[in-house]
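Take a look at the structure set out below.
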Amino acid sequence: THETTHETTHATTHATTHATTHETTHATTHATTHATTHESTHATTHETTHATTHAT
1 THETTHETTH ATTHATTHAT THETTHATTH ATTHATTHES THATTHETTH
51 ATTHAT
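Taking UniProt numbering, the leading residue of the sequence shown gets 1, the next gets one more, and so forth.
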């Protein structure tokens, strides 16, 4: 009984920790990617608009 409880607790803890780490990593990566993409798009649009306006 003790061994079963120990193994179950260990497995649950491991699974929870793994899931949390995975989610955190995923969220961080997603946020970073999103921010980078957003900034690049914004900068490109801004520069293009500025150049077009200036040329005209």
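Cβ coordinates follow ideal geometry from the N, Cα and C atoms, glycine included. Computed from a predicted structure; not experimentally measured.
Contact set for residue i: own chain, Cβ-Cβ below 8 Å, skip 5 residues either direction
{"i": "A15", "result": "none"}
{"i": "H2", "result": "none"}
Separation of residue j from residue i, as counted between CA atoms
{"i": "T45", "j": "H10", "result": "52 Å"}
{"i": "T48", "j": "T41", "result": "10 Å"}
{"i": "T56", "j": "H38", "result": "27 Å"}
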